[in-house]
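Asker: Note that the working numbering has the sequence shown beginning at 259, numbered continuously upward. Before I ask anything, let me first share the structure, which is written out below as structure tokens.
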Amino acid sequence: MLEGYYSGAGMMNPVLMNQGISMNFNVCDSIEVELHDPNNFNLVSSVTTLMQTDGTATCLFPSMNNTYYVAIKHRNSIET
Numbered sequence: 259m260l261e262g263y264y265s266g267a268g269m270m271n272p273v274l275m276n277q278g279i280s281m282n283f284n285v286c287d288s289i290e291v292e293l294h295d296p297n298n299f300n301l302v303s304s305v306t307t308l309m310q311t312d313g314t315a316t317c318l319f320p321s322m323n324n325t326y327y328v329a330i331k332h333r334n335s336i337e338t
């Protein structure tokens with residue numbers, strides 16, 4: 259859940275629709291999901307996807323058989 263988009267009861271506002279970018283009432287915003295190598299933190303793969311108002315998102319990565327660190331980036335978030 260993105261704090262600024264939270265509308266209560268585990269849901270977020272359909273921000274992209276409110277901004278006229280999307281006509282889908284279930285889409286909250288776009289996010290980038292990254293997979294990083296746990297040994298050297300190098301970026302292995304990334305996907306840009308749409309986050310739904312219930313906080314879920316679907317990411318399709320190529321077949322991989324290792325363990326990875328996951329980073330989720332949002333266009334209006336500050337990395338800490």
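By construction, the Cβ of each residue, glycine as well, lies at the ideal position given by its N, Cα and C atoms.
(1) With a CB to CB cut of under 7 Å and the five nearest residues on each side skipped, what residues in its chain are close to P296?
(2) Which residue marks the beginning of the beta strand (DSSP E) containing T311, and which one marks its end?
(3) What would DSSP say about A315, mapped onto helix, strand or coil?
(4) Does S304 come out as helix, strand or coil in the three-state DSSP assignment?
(5) For M322, count neighbouring C-beta atoms within 10 Å of its own C-beta (all shown protein chains included) and say buried if the count is 16 or more, exposed if not.
Answerer: On the basis of the coordinates in this document:
(1) T325, Y326 and Y327
(2) Taken as a continuous stretch (DSSP letters only), T311 belongs to no beta strand (DSSP E), as it is neither H nor E.
(3) coil
(4) strand
(5) exposed
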